[in-house]
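Student:
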Amino acid sequence: MRTPPATGQPIAILAATRRDSNMTNAIEVHDLRKTFKGKREVRALDGVSFAVQEGTVFGLLGPNGSGKTTAVRVLTTILRADSGTATVLGYDVQKKAALVRTLIGLAGQYAAVDENLTGRENLQMVGNLNHLPRDVVAKRAVELLTQFNLSDAGDRPLKTYSGGMRRRLDLAAALVAHPTVLFLDEPTTGLDPQSRNDLWEVIERLVGGGTTVLLTTQYLEEADRLASTLAVIDHGRVIAEGTPESMKADLGATVLEVGLASIDDAARTGTVLDTLGPHAALVNGTLAEVTVDNGPQAAMIALRALDAEGIAPQTFNLREPSLDDVFLSLTGHRSEAEDAAVDDTGDPDSRRRRRKRRTEQLEQALPVATGELA
Amino acid sequence: MTTATLNPPVPAAAHSSGPMSNLRWLLSDTATLTRRNLLAVTRIPEALFFSTVQPIMFVLLFRYVFGGAIHTDATSYVNYLMPGIFVQTVAFGSVSTSIGLAEDLQKGLIERFRALPMSRGAVLLGRTTADLIRNIFVIVVMTVVGLLVGFRPTTGVISYIGGVLLILFFAYALSWGFAIVGLSAPNSETAQVMSFPLIFPLTFISAAFVPLSSMPSWLRGFATYQPFSVTVSACRSLMVGAASTGTGKSTEFWLWQSLAWTVVLLAVFIPLAIRKYRTRT
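Right under this line is the structure:
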């Protein structure tokens, strides 16, 4: 397990929900700990605490393996924590698990729907297992199929569904019993931009109806769009909490990214970018980047300075901050756990390859955010 | 931090408890999941086709290719063979319990089930019950195939049905055993790979296809009294008469042996499967 370097002092953004004792919390989590024993011990939750106000959307933001899913599994009674407490609507998720299950809905990142059944049959199965009366189950299935734009596909087996349709059905299944609290574990991971947008609209409508939602995501854009409060989680710990606005304001609005012909040039460019603003530049292989507040202005200054130094950039991009940038800013380290394993080799080539892969992953995930602006 | 003091609406049906209501929900949830598992079988006709084609091929292979070289004294070889084929078919079929459960785990369905206010035991009961019902269908098909290739039961309908019930009971116990395999496997492919080495020796080092007397003496003890074999011998006795086993033992002897094995297997497998289901994270 890698600990954040001392330089990466977490930025303390105090959560309004914690201090305001007049608000009612739908979810309260206090000092939750969970360690998975195995060949390698994984401390998935290392003292997580947060609270979710009733009727709001709370975003749990973090990279793969940060503990988001483990937190959701504890809250949805699937997994027992080693220590700490978690309550949903005031009920302890371990002591009152059976009751909590009647109040919550869960939609997961793996779209847990039955491939061999039709959409309608899936919803009816979940309705029956929720112990709703038969006539209610049938009516509810029709309602949800209509609401999620699946009426035409309702009696087709899932094999014919697209990824987006499956996710919609998965979400519909989570809503069969009118849950008071809804858990969405990476609801759009792996979806194309159009399907993602559709799903966001569905979730927004839902929240309008007063449902409390806990959403986990790897995407800053998603958290920004849906959540009113965010907690950033890393290595099983909450490292920052606040509104999306406050986080972005803290982070800087834009990332300026310059690709160079050589590692040498990249290092020199890093020095130039350092002069731009409050944030330190990062050099990774032949890439140099920095977070800036005013993108176009910073770009002009940077280009002039690079020209003066006689450095010719290969690529020059302005992009929106990614989760990676949030992490870099909050913790001083990159979000991917695998970096820790290979960083020690110091091989610039392998770092570049990783960088390339990460960029590709991001481009898949965030075509808008990583698109070239300059 | 405040503790929320809320009185959220609690669905009346889901919240009622007590032993009677718990049992009612267990049965209702088991029925829901059994139905779901059987629907899956009808939706993948290929799977059902292959699970009947393979045993049919075994019938043809042993009846017409190997059969001529296998000598049975008390009855025709096809009469000797078919009870063995029945038990082999349901035993191979019980592997699907492990594959089905591993698939549900892999796809996150069991994760969803765990977050629902349903009976905890219904996932395993629904799976094993569906496999039991599928086995009834398979045995009916295999009986017809047997009759077509010359299988002639000699002991009457009641006794024949007794034999079928014995097979189903035994297969049900095996399903629970393979539930453990399915819950232990990381994915459905591995579940399948893990299952066959367990089932192969039991089916082939047995009384299913060849007379026990043809085996070397060091193998004969195991081949005669292992659970699969005693069930084959019991079915053979019930379907075509005790003499056909060529062992000199009575129908009752094999029947009790088979029932005892099956009960022991159930007593071991069910608690282990439930424990595995509870602890699998």
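Residue numbers (my numbering), protein chains in the order written: chain H, 238 to 611; chain A, 2 to 282.
All C-beta atoms in this analysis are idealised placements derived from N, C-alpha and C, irrespective of residue type, glycine included.
Using a threshold of 8 Å, state whether the C-beta atoms of leucine 387 of chain H and aspartate 30 of chain A are closer than that.
Tutor: As a position in the first sequence, residue 387 of chain H is number 150, starting the count at 1. As a position in the second sequence, residue 30 of chain A is number 29, starting the count at 1. The answer is no: Cβ separation not under 8 Å.
Student: I'd like to know if the stretch 317-331 of chain H and the stretch 395-410 of chain H are in contact, where contact means that at least 3 CB-CB pairs between them fall below 8 Å.
Tutor: no
Student: Suppose contacts are defined by Cβ-Cβ distances below 8 Å. Is alanine 464 of chain H in contact with glycine 296 of chain H by that definition?
Tutor: As a working mapping, residue 464 of chain H is identified with position 227 in the first sequence. As a working mapping, residue 296 of chain H is identified with position 59 in the first sequence. Their beta carbons are under 8 Å apart, which means alanine 464 of chain H touches glycine 296 of chain H by this criterion.
Student: If you reduce the DSSP assignment to three classes, tell me which class proline 585 of chain H lands in.
Tutor: What you label residue 585 of chain H is simply residue 348 of the first sequence in a count that begins at 1. Bear in mind that a pLDDT of 40 at proline 585 of chain H, under 50, signals an unreliable position, so the number given afterwards is only what the model happens to contain. It is helical.
Student: Does the stretch 332-348 of chain H touch the stretch 412-427 of chain H, meaning 3 or more C-beta pairs lie closer than 8 Å?
Tutor: They touch, by the three-pair rule.
Student: Spell out whether any CB of chain H is found under 8 Å from the CB atom of glutamate 112 of chain A.
Tutor: Numbered from 1 along the second sequence, position 111 holds the residue referred to as residue 112 of chain A. Closer than 8 Å to some Cβ of chain H, the Cβ of glutamate 112 of chain A qualifies, so yes.
Student: Give a yes or no on whether the minimum CB-CB distance between tryptophan 70 of chain A and chain H is below 8 Å.
Tutor: The residue you call residue 70 of chain A lines up with position 69 of the second sequence. Inspection of the sequence shows that residue 70 of chain A is occupied by alanine rather than by tryptophan. False, the Cβ-Cβ gap to chain H never drops below 8 Å.
Student: In angstroms, rounded to a whole number, what distance separates the CA positions of proline 424 of chain H and asparagine 301 of chain H?
Tutor: In the first sequence, the residue the question calls residue 424 of chain H occupies position 187. In the first sequence, the residue the question calls residue 301 of chain H occupies position 64. Taking the straight line from one Cα to the other gives about 14 Å.
Student: Taking 8 Å as the CB-CB cut-off, is aspartate 30 of chain A touching chain H?
Tutor: Stepping through the second sequence from its first residue, residue 30 of chain A is reached at position 29. True, the Cβ-Cβ gap to chain H drops below 8 Å.
Student: Should histidine 72 of chain A be labelled buried (16 or more other beta-carbon atoms within 10 Å of its own) or exposed?
Tutor: On the second sequence, position 71 is the one that residue 72 of chain A refers to. Exposed is the call here.
Student: Would you tell me roughly how many angstroms separate the C-alpha atoms of alanine 288 of chain H and leucine 451 of chain H, rounded to the nearest one?
Tutor: The residue labelled residue 288 of chain H in the question sits at position 51 within the first sequence. The residue labelled residue 451 of chain H in the question sits at position 214 within the first sequence. Using only the alpha carbons, I get a separation of about 10 Å.
Student: Over the uninterrupted beta strand (DSSP E) stretch that includes aspartate 268 of chain H, give me the two end residues.
Tutor: Counting from 1 along the first sequence, the entry for residue 268 of chain H is found at position 31. Note, aspartate 268 of chain H: beta strand (DSSP E), 262-273.
Student: So which residues on chain H does proline 118 of chain A lean against when the C-beta distance must stay under 7 Å?
Tutor: One-based indexing of the second sequence puts residue 118 of chain A at position 117. Here the neighbours are Ala335, Arg338, Thr339, Asn367 and His368.
Student: Methionine 613 of chain H versus chain A: which residues are under 7 Å apart at the beta carbon?
Tutor: The displayed coordinates of chain H run from 238 to 611. Any statement about residue 613 of chain H would go beyond what the structure contains.
Student: Is glutamine 107 of chain A close to the ligand NAD? I mean its beta-carbon at under 7 Å from any heavy atom of the ligand.
Tutor: Annotation note on the ligand NAD: not contained in the displayed structure, which lists no ligands.
Student: Between the Cα of alanine 1 of chain A and the Cα atoms of A/Tyr65, A/Thr263 and A/Thr43, which residue gives the shortest distance?
Tutor: Because chain A spans 2 through 282 in this model, residue 1 of chain A falls outside it and cannot be assessed.
Student: Give me the residue from H/Val527, H/Val520, H/Thr506 and H/Thr523 with the minimum Cα distance to glycine 514 of chain H.
Tutor: Within the first sequence, the letter at position 277 stands for residue 514 of chain H. Of H/Val527, H/Val520, H/Thr506 and H/Thr523, the residue nearest in Cα terms is H/Val527.
Student: Would you mind reading off the limits of the alpha helix (DSSP H) that contains valine 509 of chain H?
Tutor: Stepping through the first sequence from its first residue, residue 509 of chain H is reached at position 272. Start and end: 500-511.
Student: Along the chain, where does the alpha helix (DSSP H) containing arginine 44 of chain A start, and where does it finish?
Tutor: Within the second sequence, the letter at position 43 stands for residue 44 of chain A. 20-44 is the span of the alpha helix (DSSP H), which, as asked, contains arginine 44 of chain A.
Student: Against chain H, which members of the stretch 36-59 of chain A pass a CB distance test of less than 7 Å?
Tutor: Arg37, Leu40, Ala41, Arg44 and Ile45
Student: Does DSSP put tyrosine 278 of chain A in a helix, a strand or coil?
Tutor: Mapped onto the second sequence, residue 278 of chain A falls at position 277. Reduced to three states, the DSSP call for tyrosine 278 of chain A is helix.
Student: Report yes or no: do the stretch 504-514 of chain H and the stretch 536-554 of chain H share at least 3 C-beta pairs separated by less than 8 Å?
Tutor: yes
Student: Would glycine 178 of chain A pass as a contact of leucine 266 of chain A if the rule is Cβ separation under 8 Å?
Tutor: For the purposes of this step, residue 178 of chain A is taken as residue 177 along the second sequence, with counting starting at 1. For the purposes of this step, residue 266 of chain A is taken as residue 265 along the second sequence, with counting starting at 1. Yes, the pair counts as a contact, with Cβ atoms nearer than the cut-off.
Student: Could you check how far apart the C-beta atoms of leucine 102 of chain A and glycine 163 of chain A are, in whole angstroms? I think they sit under 8 Å.
Tutor: Counting from 1 along the second sequence, the entry for residue 102 of chain A is found at position 101. Counting from 1 along the second sequence, the entry for residue 163 of chain A is found at position 162. Not really, about 30 Å apart at Cβ, beyond 8 Å.
Student: Can you tell which of H/Asn554, H/Glu291, H/Ala535 and H/Ala318 has its C-alpha closest to the C-alpha of glycine 284 of chain H?
Tutor: Within the first sequence, the letter at position 47 stands for residue 284 of chain H. Minimum Cα distance to glycine 284 of chain H is reached at H/Ala318.
Student: Can you check whether the C-beta of glutamate 278 of chain H is within less than 8 Å of a C-beta belonging to chain A?
Tutor: Taking the first sequence and counting its residues from 1, one reaches residue 278 of chain H at position 41. Not one chain A Cβ lies under 8 Å of glutamate 278 of chain H.
Student: Is glycine 296 of chain H helix, strand or coil by DSSP?
Tutor: For this step, residue 296 of chain H is matched to residue 59 along the first sequence. Looking at glycine 296 of chain H - three-state DSSP - the assignment turns out to be strand.
Student: By the criterion of Cβ-Cβ separation under 7 Å, what are the contact partners of glutamate 478 of chain H in chain A?
Tutor: Taking the first residue of the first sequence as position 1, residue 478 of chain H is located at position 241. Near glutamate 478 of chain H there are no residues of chain A at all, since even the closest Cβ is about 13 Å away, more than 7 Å.
Student: Since leucine 82 of chain A and arginine 64 of chain A should fall inside the 8 Å C-beta cutoff, what is the C-beta to C-beta distance between them, to a whole number of angstroms?
Tutor: Along the second sequence, one-based indexing puts residue 82 of chain A at 81. Along the second sequence, one-based indexing puts residue 64 of chain A at 63. Between arginine 64 of chain A and leucine 82 of chain A the Cβ distance is about 6 Å, and since that is below 8 Å, they are a contact.
Student: Quick one: does threonine 453 of chain H have its CB under 8 Å from some CB of chain A?
Tutor: If you number the first sequence from 1, residue 453 of chain H lands on position 216. For threonine 453 of chain H, the answer is no, since every Cβ of chain A falls outside 8 Å of its Cβ.
Student: Under a three-way DSSP split, which group does threonine 204 of chain A fall into?
Tutor: Locating residue 204 of chain A in the second sequence gives position 203, where the first residue counts as 1. Helix at threonine 204 of chain A.
Student: Under 6 Å Cβ to Cβ from lysine 277 of chain A, same chain only, skipping five residues before and after it: list those, please.
Tutor: To locate residue 277 of chain A, count along the second sequence from 1; it is residue 276. Shown here for lysine 277 of chain A: same chain residues with a beta carbon closer than 6 Å to its own, the five before and five after excluded, namely Ile181 and Leu184 in chain order.
Student: For isoleucine 470 of chain H and chain A, any beta-carbon pair shorter than 8 Å?
Tutor: Along the first sequence, read from residue 1 onward, the residue named residue 470 of chain H stands at position 233. Not one chain A Cβ lies under 8 Å of isoleucine 470 of chain H.
Student: For threonine 355 of chain H versus glycine 391 of chain H, is the C-beta spacing smaller than 8 Å?
Tutor: What you label residue 355 of chain H is simply residue 118 of the first sequence in a count that begins at 1. What you label residue 391 of chain H is simply residue 154 of the first sequence in a count that begins at 1. Yes. Within cutoff.
Student: Can glutamine 89 of chain A and threonine 225 of chain A be called in contact, C-beta distance under 8 Å?
Tutor: For the purposes of this step, residue 89 of chain A is taken as the residue at position 88 of the second sequence. For the purposes of this step, residue 225 of chain A is taken as the residue at position 224 of the second sequence. Contact flag unset, no.
Student: Flag arginine 115 of chain A as yes if its beta-carbon sits less than 8 Å from any beta-carbon of chain H, otherwise no.
Tutor: Residue numbering aside, residue 115 of chain A sits at position 114 when the second sequence is read from its first letter. It does; some Cβ of chain H falls within 8 Å.
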